[in-house]
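Novice: Before anything else, here's the structure in question.
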Amino acid sequence: MKLPGVFALGVVLALLPAGASAQLGGLGGVGGGLGAGLGRLGPGLPINPNGPLGAVPGNLGRDLDTLRRATDIDLVGRPANTLRLLGHDAQGAPVVRDEVIAVSPTETGISVARQLGFEVIERDQLDALGLSSAVLRTPRGMDPVQAVTTLRQADPTGSYDFAHVYNPSGDVVRADNSAASVPGVTGAMRIGMIDGPVNKRHSALSAAAITTARFAGKSEPPGSPHGTAIASLLVGKDGDFAGYLPGATLYAADVYGGDGSGGTASDIALALNWMAANRIAVTNISLAGPSNALLEAAVKAFVQKGYILVAAVGNDGPAAPPNYPAAYPGVIAVTSVDTDGHLQLDANTGGRYAALGVNVRAAALPRGYSRVTGTSYAAPAVAAHLAALVDSPDPFKRQEATSKLVTSAVKLEAGGSAIYLIR
Numbered sequence: 048m049k050l051p052g053v054f055a056l057g058v059v060l061a062l063l064p065a066g067a068s069a070q071l072g073g074l075g076g077v078g079g080g081l082g083a084g085l086g087r088l089g090p091g092l093p094i095n096p097n098g099p100l101g102a103v104p105g106n107l108g109r110d111l112d113t114l115r116r117a118t119d120i121d122l123v124g125r126p127a128n129t130l131r132l133l134g135h136d137a138q139g140a141p142v143v144r145d146e147v148i149a150v151s152p153t154e155t156g157i158s159v160a161r162q163l164g165f166e167v168i169e170r171d172q173l174d175a176l177g178l179s180s181a182v183l184r185t186p187r188g189m190d191p192v193q194a195v196t197t198l199r200q201a202d203p204t205g206s207y208d209f210a211h212v213y214n215p216s217g218d219v220v221r222a223d224n225s226a227a228s229v230p231g232v233t234g235a236m237r238i239g240m241i242d243g244p245v246n247k248r249h250s251a252l253s254a255a256a257i258t259t260a261r262f263a264g265k266s267e268p269p270g271s272p273h274g275t276a277i278a279s280l281l282v283g284k285d286g287d288f289a290g291y292l293p294g295a296t297l298y299a300a301d302v303y304g305g306d307g308s309g310g311t312a313s314d315i316a317l318a319l320n321w322m323a324a325n326r327i328a329v330t331n332i333s334l335a336g337p338s339n340a341l342l343e344a345a346v347k348a349f350v351q352k353g354y355i356l357v358a359a360v361g362n363d364g365p366a367a368p369p370n371y372p373a374a375y376p377g378v379i380a381v382t383s384v385d386t387d388g389h390l391q392l393d394a395n396t397g398g399r400y401a402a403l404g405v406n407v408r409a410a411a412l413p414r415g416y417s418r419v420t421g422t423s424y425a426a427p428a429v430a431a432h433l434a435a436l437v438d439s440p441d442p443f444k445r446q447e448a449t450s451k452l453v454t455s456a457v458k459l460e461a462g463g464s465a466i467y468l469i470r
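What follows is the structure, given as structure tokens:
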């Protein structure tokens with residue numbers, strides 16, 4: 048889901064805690080009302096700590112600076128105008144306009160690509176998954192569909208695909224139920240997440256043990272609304288707020304890096320490789336998109352080695368099947384329900400598991416909390432329960448853990464198939 052500038056601003060407003068909203072509305076120098084005031088907060092607004100904003104109680108001057116930056120990004124920290132910078136595959140799915148991905152390419156394949164005018168801009172060894180990949184820049188004037196078709200025809204034994212871009216499976220609704228913690232959490236417990244950058248300074252995460260790695264972009268970006276919310280649901284702890292695994296260590300892979308072309312299949316494959324290299328048994332990914340040859344190969348290798356990938360199915364409506372990676376064999380696909388066990392109105396179906404994902408309280412930016420809705424926010428509950436059952440990658444442990452999960456779940460019927468509700 049890409050967010051154009053105006054909608055991105057609306058999302059950021061929804062993420063504001065109620066107190067900050069009231070304070071912003073009263074800032075005479077910014078505007079008489081919330082809408083009018085924030086409408087003037089453009090990218091060039093200076094925040095002077097010694098000026099009127101610096102005198103606002105509750106560090107609001109600093110929060111406004113964070114807010115100013117946040118209005119220019121989408122939920123996972125990419126520029127809000129990202130949609131205009133991307134191309135599309137034959138089905139209309141977003142792709143990086145001038146890039147193609149090769150899966151475990153041979154030197155012959157690379158040579159063929161170069162002869163056709165493609166430039167190798169990145170080669171990655173995914174040793175922990177037993178794979179490799181290459182990102183190729185397309186010749187000038189060649190669109191993504193032409194590029195993939197050309198390579199497949201020239202090297203039919205090779206595996207080439209679009210640089211598909213994946214998006215968060217959640218949204219934000221305005222409001223202000225804490226997540227229920229999983230019993231028996233210790234500091235030795237570890238869990239992974241693949242998402243946007245995390246604001247580790249947020250009060251819900253400031254005391255958490257978080258190891259981060261970035262797989263896109265060229266500089267360290269500020270925390271993103273989506274990544275910070277997911278991290279808080281996994282390991283957050285702050286007063287009356289607790290994530291599902293407070294006290295656990297979080298391995299957070301940023302696959303966006305604030306880059307407009309971040310979040311590709313290649314970035315996610317690198318993140319999965321990092322999780323495997325660090326032997327993180329359970330990883331949450333609340334992102335969704337189309338099938339992709341590299342992503343499929345990486346997920347297959349990840350699952351075959353006994354790792355557990357928990358993925359959100361997406362928010363395209365009840366007639367839509369799960370998106371990817373949730374739809375791949377072996378992935379724990381999670382849909383969203385409300386507190387009464389009713390499916391989220393626009394949630395995809397087809398997943399075997401469900402958890403609370405409607406009006407869930409999660410960390411907001413620049414501070415405080417707000418209610419979030421989406422299959423994005425249901426997946427962490429299932430990931431946390433599995434992380435409490437599995438301490439190392441092992442196919443037998445994986446099977447045992449999923450069996451226990453089903454045994455303790457509430458069985459629901461949706462669309463003629465059983466869904467197991469994890470509470």
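Going from the sequence shown to the working numbering is simple: count from 1 and add 47.
Glycine residues also receive a C-beta, built at the ideal position from the N, C-alpha and C atoms.
Model, not experiment: these values are computed from the prediction.
(1) Are Leu-292 and Ala-434 close, meaning C-beta to C-beta below 8 angstroms?
(2) Tell me the rounded alpha-carbon separation between Tyr-207 and Ile-257.
(3) Mark Ser-464 as exposed unless 16 or more other C-beta atoms lie within 10 angstroms of its C-beta, in which case mark it buried.
(4) Are the CB atoms of Val-419 and Gly-217 nearer to each other than 8 angstroms?
(5) Check whether the region 132-149 and the region 179-192 are in contact - that is, three or more C-beta pairs closer than 8 angstroms.
(6) Determine whether the beta carbon atoms of Ile-332 and Leu-356 lie at a separation below 8 angstroms.
(7) Can you look up Met-236 in the DSSP assignment and give me helix, strand or coil?
(8) Only counting runs of 3 or more residues, tell me where the beta strand (DSSP E) segments fall wholly within the region 176-205, in order along the chain.
(9) Just tell me which of Lys-347, Val-381, Ile-238 has its CA closest to the CA of Tyr-467.
(10) Does the region 427-442 come close enough to the region 367-377 that 3 or more CB-CB pairs lie under 8 angstroms?
(11) Would the beta-carbon of Ser-383 fall within 8 angstroms of that of Gly-404?
(12) Check for me: the beta strand (DSSP E) holding Val-419 runs from which residue to which?
(13) Rounded to a whole number of angstroms, what is the C-alpha to C-alpha distance between Leu-297 and Lys-347?
(14) Measuring CA to CA, which of Asp-171, Phe-288, Asp-202 is closest to Arg-161?
(15) What does the alpha-carbon distance come out to for the pair Ile-168 and Ala-210?
(16) Would you mind stating whether Met-236 and Ala-299 have Cβ atoms separated by less than 8 angstroms?
(17) Asp-393 by DSSP, collapsed to three states: which one?
(18) First and last residue of the alpha helix (DSSP H) that includes Arg-161?
(19) In the DSSP assignment, find the beta strand (DSSP E) that holds Ile-355 and state where it starts and stops.
(20) Assuming contact is defined by CB atoms lying nearer than 8 angstroms, are Leu-176 and Leu-319 in contact in what I supplied?
Specialist: If we stick to the structure as given:
(1) On the sequence shown, position 245 is the one that residue 292 refers to. On the sequence shown, position 387 is the one that residue 434 refers to. With a cutoff of 8 angstroms on beta-carbon distance, Leu-292 and Ala-434 are scored as near each other.
(2) Along the sequence shown, read from residue 1 onward, the residue named residue 207 stands at position 160. Along the sequence shown, read from residue 1 onward, the residue named residue 257 stands at position 210. The straight-line gap from Cα to Cα measures roughly 35 angstroms.
(3) For the purposes of this step, residue 464 is taken as residue 417 along the sequence shown, with counting starting at 1. The residue in question, Ser-464, is exposed, as its Cβ has fewer than 16 Cβ neighbours within 10 Å.
(4) The count along the sequence shown starts at 1 and reaches residue 419 at position 372. The count along the sequence shown starts at 1 and reaches residue 217 at position 170. Yes, the pair counts as a contact, with Cβ atoms nearer than the cut-off.
(5) yes
(6) By one-based count along the sequence shown, residue 332 stands at place 285. By one-based count along the sequence shown, residue 356 stands at place 309. Against a cut-off of 8 angstroms, the Cβ pair of Leu-356 and Ile-332 comes out as a contact.
(7) Numbered from 1 along the sequence shown, position 189 holds the residue referred to as residue 236. Met-236: coil per DSSP, three-state reduction.
(8) Secondary structure remark: continuous beta strand (DSSP E) runs of at least 3 residues inside the region 176-205, in chain order: 178-184.
(9) Walking along the sequence shown from the start, residue 467 turns up at place 420. Comparing Cα-Cα distances from Tyr-467 to each of Lys-347, Val-381, Ile-238, the minimum goes to Val-381.
(10) no
(11) Mapped onto the sequence shown, residue 383 falls at position 336. Mapped onto the sequence shown, residue 404 falls at position 357. Yes, Cβ-Cβ distance for Ser-383 and Gly-404 is below 8 angstroms.
(12) Numbered from its first residue, the sequence shown carries residue 419 at position 372. Taken as a continuous stretch (DSSP letters only), the beta strand (DSSP E) holding Val-419 covers 416-420.
(13) Here residue 297 corresponds to residue number 250 of the sequence shown, with the count starting at 1. Here residue 347 corresponds to residue number 300 of the sequence shown, with the count starting at 1. Their Cα atoms are separated by approximately 23 angstroms.
(14) The residue you call residue 161 lines up with position 114 of the sequence shown. Of the listed residues, the one whose Cα sits closest to Arg-161 is Asp-202.
(15) For this step, residue 168 is matched to residue 121 along the sequence shown. For this step, residue 210 is matched to residue 163 along the sequence shown. Going by the C-alpha atoms only, they are around 13 angstroms apart.
(16) One-based indexing of the sequence shown puts residue 236 at position 189. One-based indexing of the sequence shown puts residue 299 at position 252. Going by C-beta atoms, Met-236 is not nearer than 8 angstroms to Ala-299.
(17) For the purposes of this step, residue 393 is taken as the residue at position 346 of the sequence shown. Asp-393 falls in the coil class under three-state DSSP.
(18) Counting from one through the sequence shown, the residue named residue 161 turns up at place 114. First-last of the alpha helix (DSSP H) with Arg-161: 154-162.
(19) Indexing the sequence shown from 1 puts residue 355 at position 308. That run of the beta strand (DSSP E) goes 355-359.
(20) The sequence position of residue 176 within the sequence shown is 129, counting from 1. The sequence position of residue 319 within the sequence shown is 272, counting from 1. A contact, by the Cβ cut-off of 8 angstroms.
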